[in-house]
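In the working numbering, the protein residues as written are 79 to 390. So the structure is just underneath, and the comments pick up after that.
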């Protein structure tokens with residue numbers, strides 16, 4: 079990186095940059111430090127070119143410099159660069175001394191790396207840092223088995239719910255026809271909401287109380303609208319499958335609205351809660367949201383069916 083002292087003249091600074099150009103990653107920006115090495119400003123190369131030769135760098139520099147700390151998380155650095163549309167950002171230590179720079183290429187590498195990690199976590203997969211074709215079979219198994227086992231145990235709760243409502247299934251066999259549709263719809267809606275909120279968290283870093291209320295309103299409204307649209311389709315499917323059974327069709331329709339709402343709310347708020355608890359939001363999306371919605375959705379479905387179909 080190009081470093082200049084604030085006491086240099088414009089002519090001397092240009093000569094210094096010319097001598098060092100082939101050794102620096104970029105000289106488009108030159109960073110100005112005081113006698114102690116503390117970052118105090120920056121210059122564009124054109125600021126020097128068009129300045130009077132005797133003008134001092136300290137007089138020409140721009141003092142509104144955005145910098146990052148050496149200990150800052152790389153994802154946060156990338157977020158700052160994106161927010162302020164920076165090609166280069168200086169790095170300082172705890173005392174403000176200039177320690178280096180991070181370029182646009184570095185930021186893109188970080189964003190690509192973080193995107194790879196998030197994709198793997200969303201799929202309930204521990205991060206694999208090497209190519210799939212380089213990874214051994216034992217490594218692939220080890221990275222996948224933990225989350226698959228956790229999800230298997232959670233899905234076992236669905237079996238418990240089904241067992242608890244077995245009398246309802248025995249009374250109205252047609253209830254079983256719609257279980258896959260209901261739990262899949264709720265899980266899919268939850269995964270969509272989770273993906274949008276995780277993206278927002280990646281951009282903003284944190285979501286405040288005001289934003290939380292906005293999310294609640296948006297997800298409640300969109301959940302009701304989506305549930306209404308999908309429930310109409312579900313009624314048509316119910317009529318086609320079980321004939322003229324209005325109570326069963328309405329049970330499926332109301333349950334679908336409820337499950338979609340549960341899915342959108344879970345998908346929206348679980349990542350936010352995870353961030354507050356210092357967990358990675360990507361971990362609680364995808365399969366985990368889907369699994370939780372499956373369990374709750376089944377219970378809601380059977381309770382609605384018991385009410386409308388008068389099952390004791």
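For every residue, glycine included, the Cβ atom is placed at its ideal position computed from N, Cα and C.
query	result
Taking just the CA atoms, how far does residue 337 sit from residue 365?	16 Å
If I measure Cβ to Cβ from residue 293 and keep anything under 8 Å in the same chain, skipping five residues before and after, which residues do I get?	275, 285, 346, 347 and 350
So, residue 92 versus residue 106, is the Cβ gap smaller than 7 Å?	no
Between 369, 89 and 86, which has its C-alpha nearest residue 237's C-alpha?	369
Helix, strand or coil for residue 221 per DSSP?	helix
Counting pairs of beta carbons, one from the region 207-223 and one from the region 180-187, are three or more of them closer than 8 Å?	no
Residue range of the alpha helix (DSSP H) that residue 157 falls in?	152-162
How many angstroms separate the CA atom of residue 152 from the CA atom of residue 311?	46 Å
Excluding the 5 residues flanking residue 158 on each side, which residues of the same chain have their C-beta closer than 8 Å to its C-beta?	144, 146, 164 and 167
When the distance is taken between beta carbons, is residue 246 closer than 7 Å to residue 389?	yes
Sort out for me which residues DSSP pairs residue 140 with in a bridge.	120
Only counting the same chain, and skipping five residues up and downstream in sequence, which positions put a Cβ closer than 8 Å to that of residue 87?	131, 132, 133, 134 and 135
Should the region 221-234 be regarded as contacting the region 292-306, the criterion being three or more beta carbon pairs within less than 8 Å?	no
With residue 379 as the anchor, note down where its alpha helix (DSSP H) starts and where it stops.	365-387
Since residue 367 and residue 301 should fall inside the 8 Å C-beta cutoff, what is the C-beta to C-beta distance between them, to a whole number of angstroms?	Wrong, their Cβ atoms sit about 14 Å apart, outside the cutoff.
Bridge partners of residue 147, per DSSP?	170
Would you identify the three-state DSSP class for residue 325, choosing helix, strand or coil?	helix
Does the separation of the CB atoms of residue 265 and residue 371 fall below 7 Å?	yes
Relative to the C-alpha of residue 358, which residue among 216, 129 and 277 is closest?	277
Between which two residues does the alpha helix (DSSP H) harbouring residue 320 extend?	287-320
Per DSSP, residue 178 forms a beta bridge with which residues?	169
Is the Cβ-Cβ distance between residue 112 and residue 84 less than 7 Å?	yes
Which residues bound the alpha helix (DSSP H) around residue 95?	88-98
Run through the DSSP bridge pairs and tell me what residue 82 is partnered with.	110
Verify whether the separation of the beta carbon atoms of residue 170 and residue 377 is less than 7 Å.	no
Taking 7 Å as the limit between beta carbons, can you name the residues of its chain near residue 102, skipping five residues before and five after?	79 and 80
According to DSSP, simplified to helix, strand and coil, what is residue 134?	strand
Please confirm whether residue 90 and residue 119 have their CB atoms less than 7 Å apart.	no
From which residue to which residue does the alpha helix (DSSP H) around residue 247 run?	244-249
May I have the straight-line CA-CA distance separating residue 262 from residue 313, to the nearest angstrom?	16 Å
Buried or exposed: where does residue 321 fall if 16 or more other Cβ atoms within 10 Å of its Cβ makes it buried?	exposed
Going by beta carbon distance, what residues of the same chain come within less than 7 Å of residue 177, once the five residues before and after it are set aside?	148, 169, 170 and 171
Which term fits residue 214, buried or exposed, when burial requires 16 or more other beta carbons within 10 angstroms of its beta carbon?	exposed
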